[in-house]
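In the working numbering, the protein residues as written are 537 to 809. Every residue, glycine too, gets a C-beta built ideally from N, C-alpha and C.
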């Protein structure tokens, strides 16, 4: 039968009541359980590491997460330490003994170093570059730095290329070189070693002019000079004073007009400086 609450009622006779079983009051327990509980997981790991001969610093446990992280440190146990000593002894026996160095008590030790300096050879680089190929076939990257500055201090004023003429004011004038600002009377230097092929008055606006031939189609010119100190056919070296800057010819003020010519055609001087 089943009542309204859904419980099934037995229709037969009631079963006999079950006898209560006797439960032992004292159950056997692990004798070391309470000691381990008081020590905690971290203490248990360190005690285990110490007992195994690795050392207390050899094991670090992350017991809270259930993961164990072990960090290796230098051996502290007698067995491992003895092994390290044996390996060290064998290594020292394999290496030859170093000779002893002795000195008198009054000996002096000097730690000063000999100065080391290197000097470049820009003329040699230019000569090698020109001997390998003509100046017209040399790339800009290869020619960069092969010529020295025509002045001690280079202050660019008017660049190479088309510009507005400072004399006529007309646009589209082609400027054949690079202008450097300089007071009149400033020393002008040879950009590289070579032979002077022209020294005098330039009838096309250059004023007092000096031309140096460096070989294989490469020439440099120095214009608007107040005076020159070289003659045609004279050999000059890189950095030698050849003239003084001025404002002669088609010039509006003291400066140096510097040109680089390759096979008779002017090129941008900044590609060679």
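Cβ separation of residue i and residue j, assumed to be a contact under 8 angstroms, to the nearest whole Å
i: residue 753; j: residue 798; result: 6 angstroms
i: residue 779; j: residue 746; result: 6 angstroms
i: residue 730; j: residue 772; result: 6 angstroms
i: residue 679; j: residue 808; result: 5 angstroms
i: residue 684; j: residue 725; result: 7 angstroms
Own chain partners of residue i with C-beta closer than 8 angstroms, once the 5 adjacent residues on each side are dropped
i: residue 743; result: 737, 759, 760, 761, 782, 783, 784, 785, 786 and 787
i: residue 794; result: 686, 713, 714, 715, 716, 727, 756, 757, 758, 759 and 805
i: residue 693; result: 715, 716, 717 and 791
i: residue 709; result: 698, 699, 700 and 701
i: residue 812; result: Residue 812 falls outside the range modelled here, since the chain spans only 537 to 809, and no answer is possible.
i: residue 503; result: The shown model of the chain, from 537 to 809, leaves out residue 503, and the question about it has no answer.
Close beta carbons around residue i, own chain, < 6 angstroms, minus the five adjacent residues each side
i: residue 723; result: 777
i: residue 741; result: 785 and 786
i: residue 770; result: 732
i: residue 707; result: 700
i: residue 669; result: none
Cutoff 7 angstroms; reference residue i; Cβ partners in own chain excluding five residues on either side
i: residue 690; result: 716
i: residue 602; result: Residue confidence is low: residue 602 scores 48 on pLDDT, short of 50, so the model does not pin down where it sits. No coordinate-derived value is stated.
i: residue 654; result: Confidence is the limiting factor: at residue 654 the pLDDT is only 49, short of 50, which leaves the residue's position unreliable, though a coordinate-based value still follows. So the list is empty, once near-sequence residues are dropped.
i: residue 764; result: 735, 744, 746, 778 and 779
i: residue 659; result: 728, 729 and 774
i: residue 663; result: none
i: residue 768; result: 732, 733, 734 and 735
i: residue 800; result: none
i: residue 676; result: 807
i: residue 661; result: 682
i: residue 672; result: 753, 798 and 799
i: residue 637; result: none
i: residue 821; result: No answer is possible for residue 821: the residues shown for the chain start at 537 and end at 809.
i: residue 635; result: none
Bounding residues of the beta strand (DSSP E) (the contiguous stretch that carries residue i)
i: residue 792; result: 791-798
i: residue 662; result: Note, residue 662: premise wrong, no beta strand (DSSP E); alpha helix (DSSP H) at 658-668.
i: residue 676; result: Where residue 676 is concerned, there is no enclosing beta strand (DSSP E), although the alpha helix (DSSP H) it sits in stretches over 676-679.
i: residue 708; result: No beta strand (DSSP E) contains residue 708, which DSSP labels as neither H nor E.
i: residue 697; result: 697-699
Beta bridge counterpart(s) of residue i as assigned by DSSP
i: residue 714; result: 794
i: residue 755; result: 749 and 797
i: residue 743; result: 738
i: residue 731; result: 749 and 771
i: residue 723; result: 780
i: residue 802; result: 797
i: residue 644; result: Looking at the DSSP assignment, residue 644 forms no beta bridge with any residue, so it has no partner.
i: residue 692; result: 716
i: residue 764; result: 779
Any non-hydrogen atom of the ligand ATP within 8 angstroms of residue i CB
i: residue 661; result: Looking for the ligand ATP in the displayed structure turns up nothing, as the structure carries no ligands at all.
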